[in-house]
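Worksheet for the structure shown next.
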Amino acid sequence: MTINEMIKSEIVGVLEGIDLIESRDIASTLEVPPNPEMGDIACNISFSLSKELKKSPNHIAQEIANGIKVPKGSVIERVAVKGGYINFYLSLGKLSQMTLKEILNKKNHYGSSDMGKGKKYMVEFAHPNTHKLFHIGHLRNISIGEAMVRIFEFTGHEVIRVNYQGDVGLHIAKCLYGILNTENYEEVLNGLKTIEEKMAFLGKCYAAGSKAYEENDKAKSAINDMNSLVYASAQRFNKEERGLEPGSTDYLKFVQGKGVDIDKVYMIWKRTRLWSLEHFEKVYRRVYSHFDRYYFESECLAGVDLANEAERKGVLKKSEGAIIFDGEPYGLDKRVFVNNMGLPTYEAKELKLAQMEFSEFGKIEKCLHVVGPEQSSFFKVTFKVEELLDPQKFKDRQFHLVYGWVRLKEGKMSSRLGNVVVAEDIMNEAKSKLKGVLKDRGYSEKEMDKISEMVAIGAVKYSMLKISTTKEISFDVEESLSFEGDSSPYLQYAHVRAGKILEKAGSFKKIFKVDNLAPEEGMLVKKLVGFPEVVGKSTVEYKPNLIADYAYDLAETFSTFYHACPVIKSEGELRDFRLTLTEAFKVTLKNCLDLLGIETPEIM
């Protein structure tokens, strides 16, 4: 039970003794007033009783307040009525003692809970496509997914981290076409040494293939054939290296008699696929993320067989040579699962993915899919089909966590046009700018590199997390790196400042309360009390931005306290109390940043 829950329980206890409101749901009538002058917690039960008792809310509130008996030693200091509300004012001394003691006892566990005990959650996030660069949109995806994993773990859930990556499809066919139409391509491939060189080359080939596909009918036909070869390569890979059933579709039949070289395509697909996976791993490490299971679209080709089975069961139906889901009876869209060529669509492959996800890890209580808004209809349909096929396994167990597009001033990104905003370019640019800021602060090259990396990654991730997931982001590197305002560098610096105060002070006695707290001390204590509730709310609402909002408010509250209440220059118990308060702030802010997947340097 959190401190706020204990306080509300105590308030409910004193109100339950009032005859007028006996046997009523009191807890649901408690709220935090918008203005601290109106109390710390207010009860609005008078308004619901007003019509029933034919009395004004203010009159009823006064009757209730007159009957309240606050027990000795209670955290409740006084009760007052205003505007029909029963307002409870808390003892800041007792609140401070309870809060600071709990924070410094629990430390990195402060704010955690067991609300998810016994529940297994899966978070599916990142989702980059091979043969394409990891772009800034993927950064928002992985930032949200990583934060939700950490928040779930912090609240007692067992969490499975999974990543569904597209390693088949037309985008790869375009890339491979671009490679095979590069002069002396084998020599070029062999000459690429670093992963950066390899991914830059794949990016150029993809852009060239996309351009050819749109402008040249002959090239378009060749790329469509290449797409069949990519899928045939995946089937071969499944059989030879994964030991999986390849699915009933014969992709090679679409290119019979065309003189294609499946062996050549297979080897290039495998080789360049590994380049992409190596590139992705580098990015995952930089943003402090990892996965328990990597799923690939190439593993899900047998979804065509699941779709055929679903058609036999009557969940899907045949239409003009295709297999579709008619969503109209459910208020959903009509979507194709197997096209009229007998090929599985993304929808059919999703059936196979869900089958694997919900069978490989035991019972999954909830699976979050962190995916952009363009897939909203897709998930509504696939969730419904999966539920109809196996309601016990799938009903109400999946959630599409939508995140908005990331845009720059130039507009939406497009790797097709070759102007994709590469994730590592953004992170490297942020790091380079930070090194320019830090260069005159006397750090060694090693220290400067470590600090600039932590702050740069934090700056980019926080910019992705501080906005509600449903909203689009207009990303600006300079704004993300600001040491003032709502930014990660500002929060990281607040953490460093608190650490420096404690380091300068040396050893001190932990003092959890003093008489007559200054208003700025009281506001900081009250802000610290609220952290566990913010964590709980962000858990059930899937909103990491609530943690970011709280962290910024907490840092602002500490800044106000720091400027109004001298810490080091204070004396006696007051000095020790303010140092204790500073340490509690530092612990809580670090917990916030940890949940957001942001590192906290000790020097800046």
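In the numbering used here, the protein residues as written are 114 to 717.
We put the beta carbon where it would ideally sit given N, CA and C, even for glycine.
By the three-class DSSP mapping on this structure, what secondary structure does residue i have?
i: M228; result: coil
i: K579; result: coil
i: L708; result: helix
i: P170; result: helix
i: K618; result: For the sequence presented, residue 618 should be read as Ala rather than Lys. A618 falls in the helix class under three-state DSSP.
i: N148; result: coil
i: N303; result: helix
i: S528; result: Its pLDDT being 49, under 50, S528 is placed unreliably in this model, and the coordinates cannot settle the point.
i: V236; result: strand
i: V183; result: coil
i: V722; result: Nothing can be reported for residue 722: it is not among the residues displayed for the chain, which extend from 114 to 717.
i: V484; result: strand
i: D553; result: coil
i: K682; result: coil
i: K623; result: coil
i: F690; result: helix
i: D132; result: helix
i: N541; result: helix
i: N221; result: helix
i: L357; result: coil
In the DSSP assignment, the alpha helix (DSSP H) including residue i goes from what residue to what residue?
i: Q348; result: 330-350
i: S595; result: It is not in any alpha helix (DSSP H) - S595 carries neither H nor E in the DSSP assignment.
i: L456; result: Looking at the DSSP string, L456 is not in any alpha helix (DSSP H), and its letter there is neither H nor E.
i: E424; result: 416-425
i: K366; result: From DSSP, K366 is part of no alpha helix (DSSP H); its letter is neither H nor E.
i: A631; result: Careful: A631 lies outside any alpha helix (DSSP H) and carries neither H nor E.
i: P504; result: 504-507
i: M114; result: Element bounds for M114: n/a, residue is neither H nor E.
Name the two residues that bound the continuous beta strand (DSSP E) containing residue i.
i: E190; result: 189-195
i: I273; result: 271-278
i: L203; result: 198-203
i: F512; result: 511-515
i: M717; result: Careful: M717 lies outside any beta strand (DSSP E) and carries neither H nor E.
i: S432; result: 430-432
i: L390; result: Looking at the DSSP string, L390 is not in any beta strand (DSSP E); the run it does join, the alpha helix (DSSP H), is 375-399.
i: A664; result: A664 -> not in any beta strand (DSSP E); alpha helix (DSSP H) instead, spanning 658-677.
Going by the beta-carbon positions, is the gap between residue i and residue j smaller than 9 angstroms?
i: T196; j: N242; result: Note on identity: in this sequence residue 196 is Gly, with Thr being the wrong assignment. No, the Cβ-Cβ distance between G196 and N242 is not below 9 angstroms.
i: I139; j: S159; result: no
i: A569; j: K546; result: yes
i: L735; j: I177; result: The displayed coordinates of the chain run from 114 to 717. Any statement about residue 735 would go beyond what the structure contains.
i: F111; j: N254; result: In the structure displayed, the chain extends from 114 to 717; residue 111 sits before or after that span and is not available.
i: R355; j: E412; result: yes
i: E410; j: G282; result: yes
i: L641; j: L203; result: no
i: I624; j: D689; result: yes
i: L128; j: I199; result: yes
i: V192; j: V183; result: yes
i: Y575; j: S593; result: yes
i: N297; j: A321; result: no
i: T362; j: G434; result: no
i: M561; j: K548; result: yes
i: L414; j: N337; result: no
i: S389; j: G258; result: no
i: L694; j: S136; result: no
i: G649; j: T115; result: yes
Can you tell me which residues form a DSSP beta bridge with residue i?
i: Y407; result: N276
i: R448; result: F438
i: I586; result: V519
i: V535; result: H248
i: N242; result: G279
i: K479; result: Y234
i: L143; result: C156
Using a C-beta cutoff of 9 angstroms, does residue i count as contacting chain B?
i: A140; result: Looking at the structure shown, chain B is missing, and only one protein chain is on hand.
Examine the ligand COA and report whether any of its heavy atoms sits within less than 8 angstroms of the Cβ of residue i.
i: P602; result: This structure simply doesn't include the ligand COA, nor any ligand for that matter.
* **Stretch pair the region 298-313 + the region 406-418: three plus CB contacts closer than 8 angstroms** => no
* **Validate contact between the region 325-336 and the region 413-423 using beta carbons, cut 8 angstroms, 3 pairs** => no
* On the three-pair Cβ rule with 8 angstroms, is the region 220-236 touching the region 368-386? -> no
* Asked: For the 8 angstroms Cβ check, are there 3 or more pairs between the region 582-590 and the region 600-607?
  -> no
* Asked: Given 8 angstroms as the limit, is there contact between the region 230-250 and the region 533-550, that is, 3 or more CB pairs closer than that?
  -> yes
* Asked: Per the contact definition of three or more C-beta pairs closer than 8 angstroms, is the region 507-517 in contact with the region 474-492?
  -> yes
* Three or more C-beta pairs below 8 angstroms linking the region 657-676 and the region 137-157 -> no
* Should the region 586-599 be regarded as contacting the region 626-638, the criterion being three or more beta carbon pairs within less than 8 angstroms? -> no
* To do: Answer yes if the region 454-465 comes into contact with the region 483-497, meaning at least three C-beta pairs across the two stretches below 8 angstroms, and no otherwise.
  => yes
* Do the region 654-668 and the region 694-706 make contact, defined as three or more Cβ pairs closer than 8 angstroms? -> yes
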